[in-house]
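Step one of this worksheet: look at the structure below.
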Amino acid sequence: MLPGAVFAVLMLLPRAWPRFVLLRLVLAARGRLPWHFLRFLADARRRQLLRQSAGTYQFRHIRLQERLASRSLARDRAPVPRDLVTRRRRRQLAVTGSVVAATCLLLGQLMPEDTSRTTLPTGDTTAMAFGPPGTNALVTVDGEGAVRRWDTRTGEATGKDELSAEWADGVASGEEGAVIYQVTYRQTEFGSEKTEVVTRRLPWHGSPQLTRADRMPVAGEQDAVGMSTSGRHLLLSNSRGLALQRIGTGRTSPTTLGGVLERDANWSTAVGDNGRLVISMRPVISGAVKIIVADTRTGERICEIPHDGDRVAMDSDGSRFATADDDGGTVRIWDAGCQEERKLSIPGHDPVDTIALSGNGRQLAVSGAGVIRLFDL
């Protein structure tokens with residue numbers, strides 16, 4: 238066992254991730270870092286204390302940074318009794334030695350193998366979509382409104398533009414370019430609220446410039462929930478349930494899918510161009526997530542999975558979908574009948590921000606901790 242452990246250490250330590258894990262464990266044992274360090278950073282970013290750029294975190298408020306730095310310097314300068322220093326050093330050496338020994342033995346066995354073929358240093362990603370087959374492109378939108386185009390073969394950025402607003406509800410894979418859409422609400426002259434879907438396009442090739450905004454009003458007492466994978470349909474919610482509307486013609490499916498969405502629940506959706514829909518729903522009270530697959534054109538519930546997956550994605554014809562828990566660790570691939578096809582382990586168990594499937598269902602993108610991993614399926 239010892240030769241195998243030594244071999245595993247020699248193979249893994251030259252890589253950045255094992256060194257990062259080892260350093261994080263040592264600093265946590267010394268009280269310098271929280272044990273759940275990445276969750277701590279993600280929570281600080283959600284609370285607007287930190288901002289993220291690629292793999293770098295920065296304080297949003299310079300006075301907070303200066304105050305924390307001054308308190309740390311004051312503690313470092315305070316005199317400490319010599320016997321206390323000796324005891325601390327002995328304890329730190331013992332803990333560090335134990336951590337190093339345990340890490341050497343377990344790294345090669347417990348650490349999941351990274352089966353991704355490419356890693357993109359995208360930073361914080363809120364939405365993304367693959368280009369059609371042959372484009373070798375992925376378009377991402379971050380929390381600051383920056384839209385980037387990436388080459389999925391090389392992992393390099395091939396263009397960037399900026400949204401006028403610092404958010405996007407999603408990205409769809411149009412034939413000519415990525416469709417970045419935002420659901421907006423405005424007050425009419427009669428005091429009622431009107432829903433509009435604002436779309437802009439970024440071409441898959443050539444100049445990476447966003448087109449001017451197009452506005453699509455949503456008729457009646459309806460709300461826009463999302464857009465299909467290839468950007469051909471809008472998913473609408475009304476008092477009767479969910480319906481699909483063809484973009485361009487405004488034609489809405491005659492059948493409404495009712496009784497799916499629950500009140501007081503957090504949910505996310507993904508829909509194929511054939512009307513096949515996958516919903517992840519987490520009731521606020523129970524917190525038990527369930528995945529529902531249904532057909533918006535027939536109103537039929539196809540299957541249901543009691544599975545913990547807060548992030549969902551679907552291919553264009555609805556034959557395959559993916560789920561991921563936002564706490565990270567595992568992404569699962571399912572067929573249209575809710576049969577699990579594949580299970581992927583994400584190194585580091587980082588929180589998952591968003592996932593995307595290519596239109597043909599043969600590629601998967603998983604965003605978390607400032608990077609996107611691309612998988613061939």
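When we follow this note's numbering, the leftmost residue of the sequence shown carries the number 238, and every step to the right adds one. Ideal Cβ positions, reconstructed from N, Cα and C, are used throughout, including at glycine. None of these values were measured; they are calculated from a predicted model.
Using the Cβ count rule (16 or more neighbours within 10 Å means buried), how would you classify residue i?
i, result
"residue 533", "buried"
"residue 404", "exposed"
"residue 488", "exposed"
"residue 363", "buried"
"residue 473", "buried"
"residue 374", "buried"
"residue 407", "buried"
"residue 477", "exposed"
"residue 468", "buried"
"residue 509", "buried"
"residue 443", "exposed"
"residue 590", "buried"
"residue 367", "buried"
"residue 269", "exposed"
"residue 495", "exposed"
"residue 301", "exposed"
"residue 293", "exposed"
"residue 370", "exposed"
"residue 513", "buried"
"residue 239", "In this prediction, residue 239 has a pLDDT of 46, which is less than 50 and means its spatial position is unreliable; what the coordinates show is noted afterwards. Looking at its Cβ environment, which holds fewer than 16 other Cβ atoms inside 10 Å, residue 239 is exposed."
"residue 461", "buried"
"residue 491", "exposed"
If we ignore side chains and look at the alpha-carbon of each, how far apart do residue i and residue j end up?
i, j, result
"residue 454", "residue 435", "9 angstroms"
"residue 519", "residue 537", "21 angstroms"
"residue 247", "residue 608", "The pLDDT assigned to residue 247 is 49, lower than 50, so where the model puts this residue is not dependable; a value taken from the coordinates is nonetheless given after this. Cα-Cα distance, rounded: 25 angstroms."
"residue 550", "residue 593", "5 angstroms"
"residue 561", "residue 306", "37 angstroms"
"residue 528", "residue 546", "7 angstroms"
"residue 420", "residue 385", "20 angstroms"
"residue 410", "residue 544", "27 angstroms"
"residue 430", "residue 273", "43 angstroms"
"residue 553", "residue 259", "41 angstroms"
"residue 439", "residue 397", "9 angstroms"
"residue 598", "residue 381", "29 angstroms"
"residue 412", "residue 295", "37 angstroms"
"residue 602", "residue 611", "5 angstroms"
"residue 376", "residue 304", "39 angstroms"
"residue 559", "residue 279", "23 angstroms"
"residue 424", "residue 497", "29 angstroms"
"residue 282", "residue 331", "34 angstroms"
"residue 212", "residue 530", "Examination of residue 212 is not possible in this model, given that the chain is present from 238 through 614 alone."
"residue 542", "residue 390", "34 angstroms"
"residue 459", "residue 535", "19 angstroms"
"residue 324", "residue 354", "47 angstroms"
"residue 446", "residue 395", "11 angstroms"
"residue 418", "residue 264", "43 angstroms"
"residue 277", "residue 526", "24 angstroms"
"residue 388", "residue 399", "19 angstroms"
"residue 261", "residue 581", "24 angstroms"
Name the residue from the options whose alpha carbon lies nearest to the alpha carbon of residue i.
i, options, result
"residue 285", "298, 304, 389, 438", "298"
"residue 485", "451, 374, 513", "451"
"residue 606", "439, 466, 356", "356"
"residue 358", "604, 513, 612, 425", "604"
"residue 416", "599, 448, 559, 262", "448"
"residue 379", "614, 412, 503, 401", "401"
"residue 587", "370, 361, 304", "361"
"residue 506", "352, 481, 457", "481"
"residue 614", "578, 583, 389", "578"
"residue 266", "327, 280, 288, 365", "327"
"residue 557", "368, 575, 457", "575"
"residue 539", "525, 548, 526, 516", "516"
"residue 372", "394, 441, 391", "441"
"residue 457", "445, 475, 566", "475"
"residue 437", "383, 387, 483", "383"
"residue 583", "351, 262, 288", "351"
"residue 414", "422, 432, 392, 365", "365"
Looking only at DSSP bridge pairs, what is residue i linked to?
i, result
"residue 577", "571"
"residue 582", "567"
"residue 419", "435"
"residue 505", "517"
"residue 387", "375, 394"
"residue 281", "DSSP, once it has assigned bridges, lists no residue as partnering residue 281."
"residue 409", "416"
"residue 558", "551, 571"
"residue 531", "514, 538"
"residue 296", "287"
"residue 463", "472"
Tell me whether residue i, by its Cβ, gets closer than 7 angstroms to a heavy atom of the ligand MN.
i, result
"residue 258", "Within the structure as shown, the ligand MN is missing, as the structure has no ligands at all."
Original post:
Is the number of C-beta pairs between the region 590-605 and the region 565-572 that are closer than 8 angstroms three or more?
Top reply: yes
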